[in-house]
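Working notes for the structure below.
Number of protein chains: 2
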Amino acid sequence: MTAGSPLRERKKQRTRQALIDAALTLFGSRGFGGVTLDELCDEVEVSKRTFFRYFASKEDVAMAPLEDMWRAFLEGLETADPDGRPLLELMEAALLAALDQVADDAWAGRALLSYRLSRQTPSMDAHTLHFCDSTMRAVLEILHRRLDLPDDARPRLAGDMLVAAWRYALDGWAAGARDRPDGRELAARVRDAVAALPGSLHLTAAPRG
Amino acid sequence: MTAGSPLRERKKQRTRQALIDAALTLFGSRGFGGVTLDELCDEVEVSKRTFFRYFASKEDVAMAPLEDMWRAFLEGLETADPDGRPLLELMEAALLAALDQVADDAWAGRALLSYRLSRQTPSMDAHTLHFCDSTMRAVLEILHRRLDLPDDARPRLAGDMLVAAWRYALDGWAAGARDRPDGRELAARVRDAVAALPGSLHLTAAPRG
DNA sequence: CAACAATATGCCACTCAGTGGCATTCGCTT
DNA sequence: AAGCGAATGCCACTGAGTGGCATATTGTTG
């Protein structure tokens, strides 16, 4: 065995990553619906049965980059120091930390592909939204356990606000079509979006013309 | 022909409603996954092919009550008077108006069944989230057309805040397990949740114990 | 009322995502 | 080298969703 991890485990990780990369490539060039799982599995030389031991659905494999980031976010929250800060600020910091942790160049490229796919593919978009929502519920469970949160709407609303800001940031980041997507720029956009939250509460609108 | 609407149209509406009611009943008693479309179609005496001319998916038929409300919301926004109010307040008013318009007793019962199903069924939850999100995009298109909105994050964040408040309200409403679900109570919960939005921005949390 | 156009429905065969069961292979331990 | 457990492959199956075409039902026109 080499470098810490058992061989079997490394092999699994390689298979998993190969499936993700092949999926993003194939979906990216021929569209999500234009590729069957059989084709994807042939490409990676894996049986369809095995695919479903790694991923819960066809959508799931293409969402992996985002899922990895949220997983890091959850882990970070377990040990984050509340420090008397507002809840939203605490979550923002944890999100930025998670992003910083996973967002190397390879991740940024995959995340960009993944996000663009999900905006083109209704079923992927739905899965992504669902994943964010259930992750946020897990977040609130952790926070309720660790902090003395009130039992009213505010914690959940704050969580949904963070998700809204995150999605807006991701949207702008993906729209700025660069060849070299950059994790730090995404982080900056997250900060901006969170900063825009208070102003959106009282934004007034005049009729046009 | 009777009372305005052509006979053919009424027949279609009856078939549609029969499918919705049968779906909510069957899914409610045996679970979403415990009922096949063939069974549902047999129940209503309609071919599976016809089912898919009314609904885009198995999930869709069980989301109909919520979809109807959002449709009314969209229509209301087309003519709503901005009146110099904050955007969020404008959307809240339109949501409450739409709710008031569609929420008779029959609707409340169906909406309750529908929401509970979607909380038990991941694929339905995902579809619901996706529907809310794309509806909110349509909302913003309308508002950008009618009002002089800034081209930054704030309008979208405000929209997502309304959705967050709506979902929280629905959650509490459905949890208060009543035999006679009431549309007016849901409206009150929406008002409360929207009112809680500002406070959630700066909510601070002390460590437990 | 008869013939016609338009639209809604039914039927059939098909693709493909996802699952269960079981035999096989592979990595690890002793 | 032998044996254990985990990962994989293979096969058959269910069920959602679609396309094509024939049929029926409604609305319209002479």
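Which chain is which? The protein sequence lines are A and B, in order. Numbering-wise (the working numbering), the first sequence opens with residue 1 and increments by one. Numbering-wise (the working numbering), the second sequence opens with residue 1 and increments by one. All C-beta atoms in this analysis are idealised placements derived from N, C-alpha and C, irrespective of residue type, glycine included.
If we call anything under 8 angstroms between Cβ atoms a contact, is residue i one with residue j?
i: Pro150(B); j: Leu140(B); result: no
i: Ser114(A); j: Leu24(A); result: yes
i: Val35(A); j: Thr15(A); result: no
i: Ala187(B); j: Asp100(B); result: yes
i: Val163(B); j: Glu92(B); result: no
i: Arg254(B); j: Arg208(A); result: Nothing can be reported for residue 254(B), as the shown portion of chain B is limited to 1 through 209.
i: Ala108(A); j: Gly183(A); result: yes
i: Leu37(A); j: Ala22(A); result: no
i: Ala158(A); j: Leu87(A); result: yes
i: Ala205(B); j: Leu143(A); result: yes
i: Arg116(A); j: Asp125(A); result: no
i: Tyr54(A); j: Leu19(A); result: yes
Quick one: is residue i buried, meaning 16 or more other Cβ sit within 10 Å of its Cβ, or exposed?
i: Ser29(A); result: exposed
i: Arg189(A); result: buried
i: Lys48(A); result: exposed
i: Thr128(A); result: buried
i: Glu59(A); result: buried
i: Asp42(A); result: exposed
i: Thr79(B); result: exposed
i: Ala106(A); result: exposed
i: Ala64(A); result: buried
Mapping the DSSP letters down to three states, classify residue i as helix, strand or coil.
i: Pro82(B); result: coil
i: Gly209(B); result: coil
i: Leu149(B); result: coil
i: Thr135(A); result: helix
i: Thr204(B); result: strand
i: Pro155(A); result: helix
i: Asp179(B); result: coil
i: Thr121(B); result: coil
i: Pro6(A); result: coil
i: Ala111(A); result: helix
i: Ala196(A); result: coil
i: Gln13(B); result: helix
i: Met1(B); result: Note that Met1(B) scores 36 on pLDDT, short of 50, meaning its location in the model is unreliable; the coordinates nonetheless yield the value given after this. Here Met1(B) sits in coil by DSSP.
In angstroms, rounded to a whole number, what distance separates the CA positions of residue i and residue j?
i: Ala196(A); j: Ala111(A); result: 24 angstroms
i: Trp173(B); j: Asp160(A); result: 19 angstroms
i: Leu74(B); j: Lys12(B); result: 23 angstroms
i: Met69(A); j: Val61(B); result: 34 angstroms
i: Ala138(B); j: Tyr168(B); result: 21 angstroms
i: Leu131(A); j: Ala153(A); result: The residue you asked about is not Leu; residue 131(A) is Phe in the sequence shown. Approximately 21 angstroms between the Cα atoms of the pair.
i: Leu7(A); j: Pro198(B); result: 52 angstroms
i: Arg180(B); j: Leu170(B); result: 15 angstroms
i: Thr121(B); j: Phe52(A); result: 20 angstroms
i: Ala97(B); j: Gly76(B); result: 8 angstroms
i: Glu185(A); j: Ala103(A); result: 11 angstroms
i: Met1(A); j: Arg10(A); result: Because the pLDDT of Met1(A) is 36, which lies under 50, any placement of that residue in the model is unreliable, and the number read from its coordinates should be weighed accordingly. Whole-angstrom Cα-Cα distance: 10 angstroms.
i: Leu66(A); j: Ala56(B); result: 28 angstroms
i: Gly33(B); j: Thr50(B); result: 21 angstroms
i: Arg85(A); j: Leu203(B); result: 9 angstroms
i: Gly31(A); j: Val44(B); result: 36 angstroms
i: Asp148(B); j: Asp81(B); result: 13 angstroms
i: Asp192(A); j: Met136(B); result: 21 angstroms
i: Gln17(A); j: Ser123(A); result: 22 angstroms
i: Leu201(A); j: Arg178(A); result: 32 angstroms
i: Leu90(B); j: Glu89(A); result: 28 angstroms
Closer than 7 angstroms: is that where the CB of residue i sits relative to any heavy atom of the ligand COA?
i: Lys11(A); result: Summarising the ligand content, the structure contains no ligands, and the ligand COA is consequently not present.
Quiz prompt | Residue ranges of each alpha helix (DSSP H) within the segment 45-106 of chain A, 4 or longer | solution = Counting only runs of 4 or more, we get 48-54, 58-62, 64-79 and 87-102.
Self-check item: 4 or more residues per run - each alpha helix (DSSP H) lying fully within the segment 17-44 of chain B
Solution: Within the segment 17-44 of chain B, complete alpha helix (DSSP H) segments of at least 4 residues are found at 37-44, given in chain order.
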